[in-house]
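Residue numbers (UniProt numbering), protein chains in the order written: chain A, 1 to 339; chain B, 1 to 339.
A quick write-up on the structure given underneath.
Number of protein chains: 2
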Amino acid sequence: MIDVARRANVALSTVSYAINGTRAISAPTRRRIQKAMEELGYEPNAIARGLVSKRTRIIALLFPTPERGMGVTEMEFVTGAAEAALERDHHLVLWPTELRNLRQLDRLTGQGLVDGAVVMEVRLDDERVDLLRQAGLPFSMIGRTSEPGSINYADIDFEQGARDAVAHLTALGHRSIGFLNHSPSAFTVGYGPTVRAADGFRRAAMDAGVEHFERLCGDNVAAGRAAFHELRAMALNLTALVVMNDHAIVGVMDALDEIGWRVPDDFSLVSIGSSTRVSEMMRPRLTTLEPQSSELGRLGVHMLIDELEFRGAEPPAPTQVLLPCRLVEGRSSGPVRQH
Amino acid sequence: MIDVARRANVALSTVSYAINGTRAISAPTRRRIQKAMEELGYEPNAIARGLVSKRTRIIALLFPTPERGMGVTEMEFVTGAAEAALERDHHLVLWPTELRNLRQLDRLTGQGLVDGAVVMEVRLDDERVDLLRQAGLPFSMIGRTSEPGSINYADIDFEQGARDAVAHLTALGHRSIGFLNHSPSAFTVGYGPTVRAADGFRRAAMDAGVEHFERLCGDNVAAGRAAFHELRAMALNLTALVVMNDHAIVGVMDALDEIGWRVPDDFSLVSIGSSTRVSEMMRPRLTTLEPQSSELGRLGVHMLIDELEFRGAEPPAPTQVLLPCRLVEGRSSGPVRQH
Chain A
1 MIDVARRANV
11 ALSTVSYAIN
21 GTRAISAPTR
31 RRIQKAMEEL
41 GYEPNAIARG
51 LVSKRTRIIA
61 LLFPTPERGM
71 GVTEMEFVTG
81 AAEAALERDH
91 HLVLWPTELR
101 NLRQLDRLTG
111 QGLVDGAVVM
121 EVRLDDERVD
131 LLRQAGLPFS
141 MIGRTSEPGS
151 INYADIDFEQ
161 GARDAVAHLT
171 ALGHRSIGFL
181 NHSPSAFTVG
191 YGPTVRAADG
201 FRRAAMDAGV
211 EHFERLCGDN
221 VAAGRAAFHE
231 LRAMALNLTA
241 LVVMNDHAIV
251 GVMDALDEIG
261 WRVPDDFSLV
271 SIGSSTRVSE
281 MMRPRLTTLE
291 PQSSELGRLG
301 VHMLIDELEF
311 RGAEPPAPTQ
321 VLLPCRLVEG
331 RSSGPVRQH
Chain B
1 MIDVARRANV
11 ALSTVSYAIN
21 GTRAISAPTR
31 RRIQKAMEEL
41 GYEPNAIARG
51 LVSKRTRIIA
61 LLFPTPERGM
71 GVTEMEFVTG
81 AAEAALERDH
91 HLVLWPTELR
101 NLRQLDRLTG
111 QGLVDGAVVM
121 EVRLDDERVD
131 LLRQAGLPFS
141 MIGRTSEPGS
151 INYADIDFEQ
161 GARDAVAHLT
171 ALGHRSIGFL
181 NHSPSAFTVG
191 YGPTVRAADG
201 FRRAAMDAGV
211 EHFERLCGDN
221 VAAGRAAFHE
231 LRAMALNLTA
241 LVVMNDHAIV
251 GVMDALDEIG
261 WRVPDDFSLV
271 SIGSSTRVSE
281 MMRPRLTTLE
291 PQSSELGRLG
301 VHMLIDELEF
311 RGAEPPAPTQ
321 VLLPCRLVEG
331 RSSGPVRQH
């Protein structure tokens, strides 16, 4: 440390603060110290540092397996979070604890290993959030509860995404639009995206004065196929569907084939939440409201570490961010069919 | 600890060994101690335990972003690994260090945080493996180098997978079969699955005495489309394609549409390495040789922890496992077209 201080031309105590994170160091000074450490091949022992600073520089990512299964979007959350942690000189541990397994989560937080947590797959009413609060462990959310209060969160604005999907379709002349959502159980447990996208769809359709229909649907091909046939039986003028369910959308395409309708000439499809990697696999390529998944994972980690490193007298103001979805036009949506 | 020992009816030293992992404890005794700890709400402090035992019970997962992008299969590796670590009372940290960033990997291993590492995206000749060996850090591989020696690994048997794909097609009467592989750069850097699947394909086709063609192909739709047209120009009798490239396969389907060929009536497709979740998204649903991705992630972690916990006098025998792919028949392969 003496060598580092000399080389960086700072006081020994400044090096100590920089390593232990016990006091705020200006960014240029921190960079100088890091450069000197790198040049000297100096590497603080993680465990010893954790004991001294009362900080381990380890944070946990809570990622229960969603009922709909792990997909590309979830992988992007995780990768973005891991990269951000590494950039901030922290380690990200994965805790794949199921939503209901509060006992396991309680056990893990009780070990004193992590300085904080990033919570994925947040429910509108989420017991894990209560548990972390009671344990006094700082955390941020990817997603948000119905009343997030002063908890830091980054979420995808699925409500606006659904509005954008409706706007895209009404601009193409569609006047009877359906919405195919995730499974009934996702709705029952209060999975935020499911509930908020449905709200956004309903309001946008009402504002635009178009006929609209909604349906929950299991996260699989067969359910999507059946759901489409049922929807069409009750919605005779239906010309377009907004779908928040990657697997059901394949079933919808099968059903359209069965009745001889082509996409987008006879019927339009817009996905909410599909990543470009997934929408490109569909034929025709899907029009999608793509979430910024990697950015969301990064943000969740950054806001947590910002909180952990905050040194002000007052508690920091909460950081709460809604990231918009980006409309990526594929070949699954087009002008309404003229009869 | 006295309370735990009393409740579990074992010696105090036995509790200590069980917590610190410093000596082998029989499974029934370990379970009795764990039960007593749970009943008493006793939770050892992770950091203090790490200092005492010289073990942190933290292991790292090295997962560079593959050039082809992160997909469902990679997510399954990670999830399986995280679950296995949790079951074995270890923590899994994610190190998303790029393949060539040896300096970062050196810095991370130098921190003394982890007891060992699981390496993903292994190249036939992998500098990270040399670095970990020199650093004396125990590790296992998901995948394998060309000469793994005594390093523990779990890999997918892509060579046999390619053979199974060819056998499936020849049984359906196909006598002229192509193989569409990953990108030329994956081949150049020596990405194991790319090289080994090509070997398996070539040998199986030669053994079966069928005409065969091979082509490397970028991991995107446009490359797949172009590759199919080029292949067909030189292979006039081609009736089937084995594809190890999720994104190219979509382009192949586009190309087949363009020439008016239907799958599987006019042309058969078999994927190697697609998970069921991906193959179900394709229309028609793909026949795939599905890797056991989650199991592979689990195995990588278990064999590493087995090594870390080994207490014998001699070094343990290496654990080296090749997991077969499972043939999942979809609707993309069928009997050869009769002219």
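Beta carbons: idealized from backbone N, C-alpha and C, even for Gly.
Only a predicted model underlies this, so the values are computations on that prediction, with no experimental measurement involved.
Exercise for the section: Count the other C-beta atoms from every protein chain shown that fall within 10 angstroms of the C-beta of Thr56/B, then say buried if there are 16 or more, exposed otherwise. Expected result: Walking along the second sequence from the start, residue 56/B turns up at place 56. So Thr56/B ends up on the buried side.
Applying a beta-carbon distance threshold of less than 9 Å, which residues of chain C neighbour Val250/A? In the structure shown, chain C cannot be found, because the protein chains are A and B.
Using a cut-off of 8 Å between C-beta atoms, extract the partners of Leu137/B located in chain A. Numbered from 1 along the second sequence, position 137 holds the residue referred to as residue 137/B. Going along chain A, no residue has its Cβ under 8 Å from Leu137/B, so there is no contact; the nearest lies around 13 Å.
Task: Alpha-carbon to alpha-carbon, Val278/A and Asp266/B - done: As a first step, residue 266/B must be located in the second sequence, where it is residue number 266. As a first step, residue 278/A must be located in the first sequence, where it is residue number 278. So the two alpha carbons sit approximately 26 Å from each other.
When the Cα atoms are used, what is the spatial distance from Met206/B to Pro284/B? Your numbering for residue 206/B matches position 206 in the second sequence. Your numbering for residue 284/B matches position 284 in the second sequence. For Met206/B and Pro284/B, the distance between alpha carbons rounds to 29 Å.
As an exercise, report each continuous beta strand (DSSP E) stretch of at least 3 residues that is fully enclosed by the stretch 54-129 of chain A, in chain order. 58-62, 91-95 and 116-119
With a threshold of 16 other CB atoms inside 10 Å of the CB of Arg262/B, please say whether the residue is buried or exposed.
-> Locating residue 262/B in the second sequence gives position 262, counting from the first residue. Exposed: under 16 other Cβ atoms inside 10 Å.
Below 8 Å on C-beta distance, what does residue 346/A contact in chain B?
Here chain A covers residues 1 to 339 and nothing more, so residue 346/A does not appear.
Straight-line CA distance for Ile259/A to His182/A? Here the question's residue 259/A lines up with position 259 in the first sequence. Here the question's residue 182/A lines up with position 182 in the first sequence. Cα-Cα distance, rounded: 24 Å.
**OP:** Drop a sphere of 10 angstroms on the beta-carbon of Arg31/B, count the other beta-carbons inside from all chains shown, and report buried for 16 or more, exposed for fewer.
**Re:** On the second sequence, position 31 is the one that residue 31/B refers to. Exposed, by the Cβ-count rule.
So what does Asn152/B bridge to, in DSSP terms? Working through the second sequence from its first residue, we reach residue 152/B at position 152. Answer by DSSP bridge pairing, in chain order: Ser140/B.
Where Phe179/B sits in the DSSP three-state scheme | The residue you call residue 179/B lines up with position 179 of the second sequence. Three-state result, Phe179/B: strand.
**Gln338/A - containing alpha helix (DSSP H), residue span** = Position 338 of the first sequence, counting from 1, holds the residue named residue 338/A. Note, Gln338/A: premise wrong, no alpha helix (DSSP H); not H, not E.
Quiz item: Roughly how many whole angstroms lie between the Cα atoms of Cys325/B and Ser275/B?
Solution: Locating residue 325/B in the second sequence gives position 325, where the first residue counts as 1. Locating residue 275/B in the second sequence gives position 275, where the first residue counts as 1. Between Cys325/B and Ser275/B, the C-alpha separation is close to 10 Å.
Point to revise | Where the alpha helix (DSSP H) through Gln292/A begins and ends | key: To locate residue 292/A, count along the first sequence from 1; it is residue 292. That residue, Gln292/A, is in no alpha helix (DSSP H); it is neither H nor E in DSSP.
For this session: Reducing DSSP to helix, strand and coil, say where Phe213/A ends up.
Result: The residue you call residue 213/A lines up with position 213 of the first sequence. Strand.
Output the boundary residues of the beta strand (DSSP E) element that contains Ser271/A. Working through the first sequence from its first residue, we reach residue 271/A at position 271. Its beta strand (DSSP E) spans residues Ser268 to Ile272.
(Q) Please classify Gly209/A as buried or exposed, where buried requires at least 16 neighbouring CB atoms within 10 angstroms. (A) Here residue 209/A corresponds to residue number 209 of the first sequence, with the count starting at 1. Exposed.
Figure out for me which residue from Ser293/B, Leu256/B, Asp257/B and Ala255/B has the closest Cα to the Cα of Ile272/B. Position 272 of the second sequence, counted from the first residue, corresponds to residue 272/B. When each option's Cα is compared against that of Ile272/B, the closest is Ser293/B.
message: DSSP has Leu323/A in a bridge; who is on the other side?
response: Mapped onto the first sequence, residue 323/A falls at position 323. Note: Leu323/A sits in a beta bridge opposite Ile156/A.
Exercise. For the 8 Å Cβ check, are there 3 or more pairs between the stretch 315-333 of chain A and the stretch 288-305 of chain A?
Worked result: yes
**Study point:** Partners in chain B for Arg88/A, counting only beta-carbon separations shorter than 8 Å
**Key:** For the purposes of this step, residue 88/A is taken as residue 88 along the first sequence, with counting starting at 1. Residues of chain B passing the Cβ test: none, with the nearest at roughly 13 Å.
Considering only DSSP beta bridges, list what Val301/A is partnered with. Here the question's residue 301/A lines up with position 301 in the first sequence. Answer is none; Val301/A lacks a bridge partner.
Is there a Cβ of chain A sitting closer than 8 Å to that of Gly69/B, yes or no? Indexing the second sequence from 1 puts residue 69/B at position 69. By this cut-off, Gly69/B is an interface position.
Quick check: the Cα distance between Tyr17/B and Glu214/A, rounded to an integer number of angstroms? Residue numbering aside, residue 17/B sits at position 17 when the second sequence is read from its first letter. Residue numbering aside, residue 214/A sits at position 214 when the first sequence is read from its first letter. One C-alpha to the other measures close to 59 Å.
- Any Cβ of chain A within less than 8 Å of the Cβ of Met234/B? Here the question's residue 234/B lines up with position 234 in the second sequence. No, no contact with chain A.
Query raised in the report: Thinking C-alpha only, which one of Asp254/A, Arg107/A and Lys35/A is nearest residue 400/B?
Result: This structure leaves residue 400/B out entirely; chain B is present only between 1 and 339.
message = If I measure Cβ to Cβ from Gln311/B and keep anything under 6 Å in the same chain, skipping five residues before and after, which residues do I get?
response = If you number the second sequence from 1, residue 311/B lands on position 311. Residue 311/B is actually Arg in this sequence, not Gln. For Arg311/B, where only same-chain residues beyond five positions count, the Cβ hits under 6 Å are Ala24.
Exercise for review: Indicate whether Ala255/B and His229/B have their beta-carbon atoms separated by less than 8 Å.
Suggested key: Translated into positions along the second sequence, residue 255/B becomes position 255. Translated into positions along the second sequence, residue 229/B becomes position 229. Cβ distance < 8 Å, so Ala255/B and His229/B count as in contact.
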